[in-house]
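Reading through the structure tokens given below for one structure.
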Amino acid sequence: MLVTHLRTLLTLLLLLCSVTSGLTMETPRLSGRINDYANMLSAQSATALEQKLAAFERETSTQVVLLTVSSLQGETIEGLAIRVAEAWQIGRQDKDNGVILLLAKQERKIRIEVGTGLQGALPDITAAQIIRKVIAPHLKAGNYDAGINAGLDAIIAATKGEFTAAATSRPAQKKTSSRYGILLVLLPLAAVVVFVAAASSRRSGAVAGGISLPLIVELSLGASYSTILLLGILGGIAGFLISLLIRAGGGGSRGGGWGGPTIFYGGGWGGHSSGSDSFSGGGGDFDGGGASDDW
Amino acid sequence: MRRYISAVLMTAMLGLLSGCGYNTMQANEEAVIAAWGNVESTYQRRADLIPNLVEVVKGYAKHEADTLKAVTEARAKVGSMQLSKDAINDPATLTRFQQNQSELSSALSRLMVVAERYPDLKANQNFLDLQKQLEGTENRINVARERYNQAVQTFNTSIRTFPNSLTNSLLLHLTRKEPFKAEPGANLAPKVQF
Chain C
1 MLVTHLRTLL TLLLLLCSVT SGLTMETPRL SGRINDYANM LSAQSATALE
51 QKLAAFERET STQVVLLTVS SLQGETIEGL AIRVAEAWQI GRQDKDNGVI
101 LLLAKQERKI RIEVGTGLQG ALPDITAAQI IRKVIAPHLK AGNYDAGINA
151 GLDAIIAATK GEFTAAATSR PAQKKTSSRY GILLVLLPLA AVVVFVAAAS
201 SRRSGAVAGG ISLPLIVELS LGASYSTILL LGILGGIAGF LISLLIRAGG
251 GGSRGGGWGG PTIFYGGGWG GHSSGSDSFS GGGGDFDGGG ASDDW
Chain V
296 MRRYISAVLM TAMLGLLSGC GYNTMQANEE AVIAAWGNVE STYQRRADLI
346 PNLVEVVKGY AKHEADTLKA VTEARAKVGS MQLSKDAIND PATLTRFQQN
396 QSELSSALSR LMVVAERYPD LKANQNFLDL QKQLEGTENR INVARERYNQ
446 AVQTFNTSIR TFPNSLTNSL LLHLTRKEPF KAEPGANLAP KVQF
């Protein structure tokens, strides 16, 4: 056991500068507090744990989640853990109070990844002790349920006193909100410009739309050249149709019914993975703290 | 025709309103500086663990004076390197920094190999705790470096793409930053025979 300790340490030390290989598995999807993709828990345990962790979050705002995978597929458990932590953003954004318990069944590895806000209550040494003394003995004996339960209980006990839930919990703000902010400022301006241009003639409406839509998307969100081209065409059509609507006095008014500038707001901006369940990460931050071990 | 031109002019001014990336580039550079701060503090955290480690090992492995001395000296070398605020703009300084840190990494791993030969040391609770702290710190260093490289990539891309490149060459004059590079042979896991 100690041999593998030192081996881990040596590997980490000498891999300090290494670039991770390109062929890593897809980041597991967050589907609740218990993500038992390796099927190590019984159904009752899973439900009971889900409720226990939900109650803990209600009391303390600390989010604890479990992830089990069948195999790491060549990645280190530390590499997977930080990837998952950054994707799921467990813990509240202002408190960074998230913990992820990660088990890899085939490689027999355990990791506890601790958010930056909890590293006073659950420092690396404590996480290492929980793994070695509480979880690993059960897993060695083949008792996955008992091991995972005991581990999550120990994590809850360690982090219990640390945070209290705010009286009014504000909704989590994803860190990407600033990009959308720029968009919200530019869009009304673009709409005004296009309307003015469209009011003067069909062609200038089309030109204004065709230039401004890709321009504001590029400036606020950044876009590839093909996206810009596509948006240019869309914007041009939209500007043309807007001007038709505005100057509807004469010819046929085609394109009615979808109402002005809403077309600019349409289309998938991408980003935001909406969790299908009600549980989602709160924007908490991780820095690689925690501990790993084998069983 | 005049309406045409004014329409084009009006929409072109939209671009100027967001300053052609003036703010974005500054924000990206701040992100690089913040990420560098994290890199430095995680390396510092490792350096802080070493005196304790040397003391504990010394108690059990007095005869390994050479190895212990190598670690202490490597740590001193790292500690004596004062990085100015402008360090991230100077690739030579960064290379030296990276080199000093990897010398410390090598000295540490030699120490760990040596420690393997002393069963009493391996069973010592202090030593085990320090080992776990060291592992945690190494992981934090990896994460911090990775995030620094990502921040550098975002920044470098933002100053080199059009139209930000114009704004940069005319107004801001921000320089490209260097990411951390992998060392040759670092992607091969060491074969440790015990």
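Chains C and V, in that order, are what the protein sequence lines are.
Heads up: the first sequence is residues 1 to 295, going by our numbering.
Heads up: the second sequence is residues 296 to 489, going by our numbering.
Glycine included, each C-beta is placed from N, C-alpha and C at the ideal position.
Around the C-beta of residue i, are 16 or more other C-beta atoms found within 10 angstroms, so that it is buried, or is it exposed?
i	result
residue 59 (chain C)	exposed
residue 468 (chain V)	exposed
residue 284 (chain C)	buried
residue 97 (chain C)	buried
residue 472 (chain V)	buried
residue 300 (chain V)	exposed
residue 491 (chain V)	Since the first residue of chain V shown is 296 and the last is 489, residue 491 (chain V) is not available in this structure.
residue 414 (chain V)	exposed
residue 256 (chain C)	Bear in mind that the predicted position of residue 256 (chain C) carries a pLDDT of just 39, short of 50, making it unreliable; the figure below should be weighed with that in mind. So residue 256 (chain C) ends up on the exposed side.
residue 420 (chain V)	exposed
residue 427 (chain V)	buried
residue 39 (chain C)	exposed
Establish whether the CB of residue i and some CB of chain V are separated by less than 8 Å.
i	result
residue 134 (chain C)	no
residue 211 (chain C)	yes
residue 107 (chain C)	no
residue 87 (chain C)	no
residue 193 (chain C)	yes
residue 45 (chain C)	no
residue 217 (chain C)	no
residue 158 (chain C)	no
residue 75 (chain C)	no
residue 78 (chain C)	yes
residue 296 (chain C)	What the structure shows of chain C is the stretch from 1 to 295, and residue 296 (chain C) is not part of that stretch, so it cannot be assessed.
residue 273 (chain C)	Caution applies to residue 273 (chain C), whose pLDDT of 44 falls short of 50 and renders its modelled position unreliable; the model cannot decide the point.
residue 71 (chain C)	no
residue 84 (chain C)	no
residue 9 (chain C)	yes
residue 289 (chain C)	yes
Which one or two residues does DSSP pair with residue i in a beta bridge?
i	result
residue 104 (chain C)	C:69 and C:109
residue 34 (chain C)	C:66
residue 247 (chain C)	Bridge partners of residue 247 (chain C): none, in fact.
residue 115 (chain C)	C:286
Quick check: what's the CA-CA separation for residue i versus residue j?
i	j	result
residue 301 (chain C)	residue 151 (chain C)	Examination of residue 301 (chain C) is not possible in this model, given that chain C is present from 1 through 295 alone.
residue 85 (chain C)	residue 157 (chain C)	21 Å
residue 53 (chain C)	residue 434 (chain V)	27 Å
residue 68 (chain C)	residue 408 (chain V)	32 Å
residue 80 (chain C)	residue 441 (chain V)	14 Å
residue 77 (chain C)	residue 241 (chain C)	55 Å
residue 401 (chain V)	residue 353 (chain V)	18 Å
residue 251 (chain C)	residue 196 (chain C)	At residue 251 (chain C) the pLDDT is 41, less than 50, meaning the model places this residue with poor confidence; the figure from the coordinates comes in the next sentence. Cα-Cα distance, rounded: 19 Å.
residue 461 (chain V)	residue 202 (chain C)	33 Å
residue 24 (chain C)	residue 70 (chain C)	14 Å
residue 465 (chain V)	residue 123 (chain C)	49 Å
residue 378 (chain V)	residue 336 (chain V)	12 Å
residue 62 (chain C)	residue 455 (chain V)	42 Å
residue 388 (chain V)	residue 328 (chain V)	15 Å
residue 347 (chain V)	residue 101 (chain C)	29 Å
residue 315 (chain V)	residue 8 (chain C)	48 Å
residue 367 (chain V)	residue 458 (chain V)	50 Å
residue 280 (chain C)	residue 5 (chain C)	34 Å
residue 425 (chain V)	residue 117 (chain C)	22 Å
residue 137 (chain C)	residue 146 (chain C)	10 Å
Going by C-alpha to C-alpha distance, which of the options sits closest to residue i?
i	options	result
residue 55 (chain C)	C:33, C:42, C:135 and C:137	C:33
residue 474 (chain V)	V:386, V:299 and V:398	V:386
residue 395 (chain V)	V:379, V:346 and V:375	V:375
residue 397 (chain V)	V:306, V:321 and V:476	V:476
residue 338 (chain V)	V:448, V:399, V:445 and V:414	V:399
residue 229 (chain C)	C:211, C:246 and C:112	C:211
residue 429 (chain V)	C:290, C:294 and C:101	C:290
residue 235 (chain C)	C:215, C:209 and C:216	C:209
residue 392 (chain V)	V:404, V:334, V:360 and V:457	V:334
residue 30 (chain C)	C:57, C:90 and C:190	C:90
residue 341 (chain V)	V:459, V:447 and V:436	V:436
residue 324 (chain V)	V:381, V:410, V:362 and V:425	V:381
residue 217 (chain C)	C:237, C:187 and C:136	C:187
How about residue i: is its C-beta nearer than 8 Å to some C-beta of chain C?
i	result
residue 324 (chain V)	no
residue 431 (chain V)	yes
residue 302 (chain V)	yes
residue 299 (chain V)	yes
residue 306 (chain V)	yes
residue 343 (chain V)	no
residue 487 (chain V)	Caution is warranted here: a pLDDT of 42 is assigned to residue 487 (chain V), below 50, making its placement in the model unreliable, and the coordinate value is therefore given only provisionally. It does; some Cβ of chain C falls within 8 Å.
residue 376 (chain V)	no
residue 434 (chain V)	yes
residue 357 (chain V)	no
Less than 8 Å between CB atoms is the rule here; does residue i satisfy it with respect to chain A?
i	result
residue 347 (chain V)	In the displayed structure, chain A is absent; the protein chains listed are C and V.
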